[in-house]
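In this note's numbering, the protein residues as written are 31 to 279. One structure is given here, and the rest of the page talks about it.
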Ligand code: PTJ
């Protein structure tokens with residue numbers, strides 16, 4: 031019996047439990063880092079405090095990210111294990127809408143994980159009838175300032191991109207991508223993370239909800255604005271603080 035059969039859809043935490051299941055299944059397939067579940071748990075804790083919803087400020091940030099991806103000359107979606115496990119199919123749709131590549135860019139890089147992630151995306155590409163270019167398998171360039179495997183990238187992907195979407199990015203890499211002069215567009219449920227604070231636009235929302243919203247916004251071709259990242263982060267933080275202070279009223 032699998033978890034889907036055990037958890038009743040009427041369970042108040044059904045969505046959250048099904049998202050956990052996606053992470054667990056991807057772990058079994060060898061797609062994830064050992065610490066992927068810990069990272070997911072941290073995200074869940076923030077999502078709980080945000081009310082497991084897309085705040086209006088997150089929706090605005092998502093529209094801004096859609097605008098920047100549409101207006102970029104060379105956009106790239108840089109995906110790690112968790113992002114592929116949770117929203118791989120929707121990111122392929124987004125890449126196809128934008129006509130841009132996906133680059134698999136993982137923090138804990140092993141040949142086995144890269145093989146599992148490439149295989150998974152290729153299968154989804156076929157299933158959706160898409161022909162999205164999947165990069166990352168043969169890195170031939172480096173992100174300046176990052177030592178070891180986490181600096182590996184592809185010249186005609188991440189290296190030359192002018193705008194990069196980086197869900198669940200690590201703070202160092204976010205900083206290094208900003209130092210390369212790129213428009214760095216982060217998805218992170220933690221408004222206090224270094225990535226959220228140090229990027230061009232942070233969407234404080236759950237990655238699968240964001241992917242669905244991007245699919246809706248991209249065809250609308252929204253206009254780029256003068257985005258105030260700190261203001262949007264403060265808004266998310268205010269919401270969390272309000273939730274906590276009103277809990278037992
Ligand atoms: O696949 P790899 O090797 O690149 O490794 C991926 C992980 C996620 C293990 C690695 O990048 C990592 O350790 O990440 P951190 O530093 O724990 O950061 C993860 C951030 O993503 C945290 O700030 C979480 O709040 C946030 N997060 C976790 N799950 C989600 C999320 N944000 C949006 N949606 C989620 N589902």
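Don't be surprised by glycine CBs; every beta carbon is placed ideally from N, CA and C. Bear in mind that the values here come from a model prediction, so they are computed numbers and not experimental data.
Proximity to residue i [Cα-Cα], best of the options
i, options, result
"residue 228", "247, 240, 235, 206", "206"
"residue 230", "153, 73, 99", "99"
"residue 264", "86, 175, 239", "86"
"residue 79", "235, 193, 63", "235"
"residue 102", "239, 215, 232, 219", "215"
"residue 104", "81, 189, 272, 111", "189"
"residue 73", "37, 50, 130, 167", "50"
"residue 171", "163, 185, 106", "185"
"residue 244", "127, 41, 83", "127"
"residue 136", "65, 175, 38, 261", "65"
"residue 224", "241, 259, 253, 193", "259"
"residue 219", "63, 40, 77", "77"
"residue 175", "210, 273, 92", "210"
C-alpha distance - residue i paired with residue j, whole-angstrom precision
i, j, result
"residue 180", "residue 213", "19 Å"
"residue 149", "residue 165", "12 Å"
"residue 221", "residue 191", "25 Å"
"residue 142", "residue 271", "42 Å"
"residue 28", "residue 232", "Outside the displayed span of the chain (31 to 279) sits residue 28, for which this structure offers no information."
"residue 31", "residue 42", "The predicted position of residue 31 is uncertain, since its pLDDT is 47 and thus under 50; a value taken from the coordinates is nonetheless stated next. Approximately 21 Å between the Cα atoms of the pair."
"residue 200", "residue 193", "17 Å"
"residue 241", "residue 177", "30 Å"
"residue 327", "residue 61", "What the structure shows of the chain is the stretch from 31 to 279, and residue 327 is not part of that stretch, so it cannot be assessed."
"residue 69", "residue 111", "11 Å"
"residue 145", "residue 168", "11 Å"
"residue 275", "residue 266", "14 Å"
"residue 133", "residue 160", "16 Å"
"residue 106", "residue 138", "20 Å"
"residue 11", "residue 140", "Any answer about residue 11 is impossible in this case: the structure gives the chain only from 31 up to 279."
"residue 81", "residue 44", "14 Å"
"residue 256", "residue 226", "17 Å"
"residue 151", "residue 278", "45 Å"
"residue 91", "residue 217", "10 Å"
"residue 197", "residue 40", "30 Å"
Bridge-paired residues (DSSP) for residue i
i, result
"residue 108", "133"
"residue 197", "217"
"residue 231", "215"
"residue 183", "171"
"residue 27", "The displayed coordinates of the chain run from 31 to 279. Any statement about residue 27 would go beyond what the structure contains."
Heavy atom of ligand 3 within 7 Å of residue i beta-carbon
i, result
"residue 245", "Among the ligands in the structure shown, ligand 3 does not appear; only ligand 1 can be found there."
Should the stretch 52-66 be called in touch with the stretch 99-119, which here means at least 3 C-beta pairs below 8 Å? yes
Quick one: residues with CB closer than 6 Å to any heavy atom of ligand 1, in chain order, please. Those residues, listed in chain order, are 63, 65, 66, 69, 70, 72, 73, 76, 110, 111, 112, 116, 136, 137, 138, 198, 200, 217, 218, 219, 220, 223, 236, 237.
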